[in-house]
Amino acid sequence: MTEQENNMSENETNIETPTGQSTEEQSPSQPSVEDQLKAKDARISELEQALQLAKKNESEAMIRARAEIDNVRKRVEQDVDKARKFALEKFSNELLPVIDNLERALESTDKNNPEHKATVEGLELTLKSFLDTVKKFGIEVINTADSQLNPELHQAISMVESPEHQSGQIVNTIQKGYTLNGRLIRPAMVIVAK
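Heads up: the sequence shown begins at 1 in UniProt numbering, then just goes up one per residue.
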C-alpha cells in the first residue's frame, strides 16, 4: 500500500463525530450528545418551572396589592365620611345653649296673656325653624318620655319616690340631650324613679 492509501484508510477509521471529536478519541467520561440534550432539556424545564412560579408569585402580589389599595380607599372614604358627619360637633355644642334658652323663654312666658301672644308665636316659630335646621344636619333630640334610664344617653341627676313610675324609669327631664348622626353630643339630664 502506498502511503497515500494508508493515510486514507486511517482517515476513514477516524471519522469525526458532530462534536468535532473522532470516534476513537471519545472517552466514556465525557457525556454523549444525547446526554447533553437531556441535560439541556432538564435545564429548560427547570427554567420554565421557575418562570411559572415567578408569574404565579407576581400574580398573587398584584392581587394582594389591589386588595390593599381597595382597603385603603375604603378606610379613607370612611374617615372622610366620619369627618364630614362629625365636623359639626363643636359647632353643635355651641348651638345647644341657644335652643335651651329659646325653650326656657317659651316656658317662662305667660301664654294666656294676649299682650304676649305675638312674642310667644315668634319664639315658637323661631325654635321650630331652629330645630328643623339643626335636624337637617343630623342633630336629634334624645327622647326621654316614658323610657327607662339608659346610661349611654341619660345622666341621672336625682332619684325620687314615684308610685306611678317603675324603678329606673325617667320621671322628669331637666335638660334635653342631643345626638349628632347617632353619636351622643350631650346626655339628657333626668330625674329617675327609685
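Using N, Cα and C, we set each Cβ at its ideal position, and we do this for glycine too.
Straight-line gap, residue i to residue j (C-alpha atoms, nearest Å)
i      : j      : result
GLU48  : ASP41  : 10 Å
PRO97  : LEU123 : 15 Å
LEU135 : PRO187 : Here residue 135 turns out to be Lys, not Leu, going by the sequence shown. Distance between the alpha carbons of LYS135 and PRO187: 17 Å.
GLN155 : PRO114 : 38 Å
PRO31  : GLU46  : 20 Å
GLU75  : ILE63  : First, the amino acid is wrong: residue 75 is Arg here, not Glu. Roughly 18 Å between the two C-alpha positions.
ILE44  : LYS55  : 16 Å
ALA67  : LEU53  : 21 Å
LYS128 : GLY168 : 31 Å
Sheet register partners of residue i (DSSP bridge)
i           : result
GLN169      : GLN148
LEU123      : Bridge partners of LEU123: none, in fact.
residue 207 : Here the chain covers residues 1 to 194 and nothing more, so residue 207 does not appear.
HIS154      : ALA188
PRO160      : First, the amino acid is wrong: residue 160 is Val here, not Pro. According to DSSP, which records beta bridges pairwise, VAL160 is partnered with ALA193.
GLN175      : MET189
Rounded distance between the beta-carbons of residue j and residue i, thought under 8 Å
i     : j      : result
SER92 : ILE174 : Between ILE174 and SER92 the Cβ distance is about 20 Å, and since that is not below 8 Å, they are no contact.
CA nearest to the CA of residue i, picked from the options
i      : options                          : result
THR179 : LEU131, ALA156, ARG64 and GLU60  : LEU131
SER158 : ILE191, ALA61 and ALA54          : ILE191
GLU140 : ASN181, GLN148 and HIS154        : ASN181
VAL171 : LYS194, PRO151, LEU153 and PRO31 : LYS194
MET189 : LEU149, ARG183 and SER167        : LEU149
GLY177 : ILE44, LEU51 and ILE99           : ILE99
GLU152 : ARG183, THR126 and LEU127        : ARG183
Can you find at least 3 beta carbon pairs, one from the segment 156-167 and one from the segment 76-91, that sit closer than 8 Å?
-> no
Should the segment 110-120 be called in touch with the segment 140-147, which here means at least 3 C-beta pairs below 8 Å?
-> no
Could you say if the segment 71-81 and the segment 97-110 meet the contact criterion of at least three C-beta pairs nearer than 8 Å?
-> no
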